[in-house]
Amino acid sequence: MIRITHHRAKCIGCNYCVEVAPFRWVMDESDGKSSLTDAKSKKNIFIAVVSDDEYNHNKEAAEICPVNIIKVEKI
Ligand code: SF4
């Protein structure tokens, strides 16, 4: 399994994560930030635990995010 963490408050809405991993990220038109699908929130941090086969796409999202607010870890 992998754990994806999103510090959503700092999102600038560039849409890159949605482009590289559209099955896991969506843009929220109401506030112009991306949302991590099926995540649970802890304060303003969103966390999703998903299967290993999503690792590469979400790692790419983490690397491409210009404000470095996505973390992906194998657990
Ligand atoms: S790549 Fe980063 S800044 Fe851009 S929409 Fe995704 S989380 Fe937000």
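If you're matching positions, the sequence shown starts at 5 in my numbering and goes up one per residue.
Positions of the beta carbon are idealized from the N, C-alpha and C atoms, including for glycine.
- Setting aside the 5 residues that flank it on each side, K78 is surrounded in the same chain by I6, each with a C-beta closer than 6 Å to its C-beta; the list follows chain order.
- If you draw a straight line from the Cα of D57 to the Cα of V24, it is about 14 Å long.
- Assignment of beta-bridge partners to R7 by DSSP yields V53 and E77.
- Each residue's CA atom was taken as its position, placing R12 and V71 some 11 Å apart.
- Taking 8 Å as the cut-off, the C-beta of M31 counts as close to a heavy atom of the ligand SF4.
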